[in-house]
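Report on the structure given below.
Residue numbers (the numbering used here): 255 to 569.
Laid out in structure tokens, this is it:
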């Protein structure tokens with residue numbers, strides 16, 4: 255029996271569902287879809303788990319995604335494939351420092367990106383995704399609110415330029431998106447003038463400035479599917495190529511360079527923590543029920559309020 259069939263049998267036996275992020279390996283994404291789970295971004299993964307009849311949610315992604323799933327489904331067992339799989343944005347925003355920073359700016363609404371710990375979400379007024387950040391911040395700006403934003407400085411700067419909101423930026427960044435280089439992207443664009451450039455807003459401003467489309471993982475996948483160009487240069491984690499090839503099999507996808515001038519990089523833009531998710535540890539977690547996500551009830555309750563605001567706002 256293949257490992258995929260073994261995992262499907264365990265999922266069924268334990269009334270468990272597998273949710274996978276676009277950045278994990280293609281075999282895990284395929285398995286999630288084939289077994290009745292979901293491949294999506296972090297908030298949709300959590301929402302799917304919440305609406306599922308499963309008793310157990312298996313999260314192929316990173317730790318904060320498991321926490322978000324647990325916050326929305328406190329009565330369910332939530333297991334992550336590797337408890338060491340974290341996120342530089344989450345790590346860049348420790349709760350003690352962040353809480354002090356918030357206390358120093360009591361006049362500001364605290365808006366945090368989904369890529370944060372449960373504690374940071376609990377300290378926030380709003381949680382947003384890359385797809386919803388502009389709408390939420392514009393809404394708050396229109397109400398006369400000033401914003402304290404965390405943790406991604408690049409996404410925060412992008413939101414600031416698009417909304418003119420008064421935003422104080424926490425200085426975190428994503429190790430993958432931070433590596434994209436504007437000079438090398440210019441060179442690649444010159445070689446492929448027919449290509450549309452798709453950029454995730456966690457990228458530096460100079461890279462965002464070269465984009466035809468700036469958007470969340472879901473928005474970038476839809477751009478490949480819906481736009482007329484046959485070639486795309488993509489500045490985000492290369493795990494997303496699996497889904498892009500699925501929705502647009504005949505289109506040519508090129509990785510935006512993560513090295514300087516003249517570099518020809520095939521596969522540099524991939525999160526080392528996402529790569530820790532494998533079929534082997536998926537099967538192991540199902541059998542042992544290890545790597546369970548547990549969150550203090552007070553923290554989970556406050557974090558859920560911040561997330562629920564977003565869910566209600568975007569409903």
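Here a beta-carbon is modelled for each residue, glycine too, at the ideal position from N, C-alpha and C.
These numbers were taken from a predicted model, which means no experiment stands behind them.
Taking contact to mean at least 3 C-beta pairs separated by less than 8 Å, is the stretch 329 to 348 in contact with the stretch 525 to 533?
yes
Beta strand (DSSP E) runs contained entirely in the stretch 311 to 366, provided each spans 3 or more residues: 331 to 334
Margin query: Suppose the cutoff is 7 Å on Cβ atoms and the five residues either side in sequence are ignored; what does the same chain contact list for residue 373 look like?
Written below: 349 and 553
Q. With residue 440 and residue 422 assumed to form a contact (beta carbons below 8 Å), what rounded beta-carbon distance in angstroms separates them?
A. With a Cβ gap of about 32 Å, residue 440 and residue 422 do not count as contacting.
Discussion item. Only counting the same chain, and skipping five residues up and downstream in sequence, which positions put a Cβ closer than 6 Å to that of residue 283?
Written reply: 274, 293 and 496
| query | What are the boundary residues of the beta strand (DSSP E) that includes residue 488? | reply | 485 to 489
Q) Is residue 430 helix, strand or coil when you go by DSSP? A) coil
According to DSSP, is residue 454 part of a helix, a strand, or is it coil? coil
Are the Cβ atoms of residue 401 and residue 394 separated by less than 8 Å?
yes
message = Rounded to whole angstroms, what is the Cα-Cα separation between residue 449 and residue 345?
response = 35 Å
Task: Close-in-space but distant-in-sequence residues of the same chain around residue 417 (CB under 7 Å, 5 per side omitted) - done: 388, 391, 392 and 395
Requested in this report: State the Cα-Cα distance for the pair residue 548 and residue 366, rounded to the nearest angstrom.
Outcome: 21 Å
Original post:
Do you know how far the Cα of residue 444 is from the Cα of residue 296?
Top reply: 34 Å
Item to complete: State the CB to CB distance for the pair residue 216 and residue 326, rounded to an integer number of angstroms; the pair is presumed to be in contact (CB under 8 Å).
Response: Within the shown structure, residues of the chain are numbered from 255 to 569, placing residue 216 beyond reach of any answer.
For this session: Please report how far the alpha carbon of residue 596 lies from the alpha carbon of residue 329, in whole angstroms.
Result: The question about residue 596 has no answer, for the chain in this structure spans 255 to 569.
Leaving out five residues before and five after residue 546 in sequence, what residues of the same chain have Cβ atoms less than 8 Å from its Cβ?
331, 332 and 333
>> Do residue 323 and residue 540 count as a contact pair if the criterion is CB distance below 8 Å?
In response: no
Taking the runs of the alpha helix (DSSP H) that are 4 residues or longer, which of them lie wholly in the stretch 369 to 439? 372 to 377, 387 to 396 and 407 to 417
| message | Can you check which of these residues, 266, 536, 320 and 268, is closest to residue 368 by C-alpha distance? | response | 320
Self-check item: For residue 559, three-class secondary structure by DSSP
Solution: helix
**OP:** Please name the residue or residues paired with residue 294 in a DSSP beta bridge.
**Re:** 275
Exercise for the section: Mind checking who residue 270 pairs with in its DSSP beta bridge? Expected result: 310
Since residue 452 and residue 436 are thought to touch, with beta carbons under 8 Å apart, how far apart are those beta carbons, to the nearest angstrom? Actually they do not touch by this definition, with Cβ atoms about 15 Å apart.
For this session: Below 8 Å on the Cβ atoms is my guess for residue 525 versus residue 513; work out the distance and round it to an integer in Å.
Result: Not quite, the Cβ-Cβ distance comes to about 17 Å (not below 8 Å), so this is no contact.
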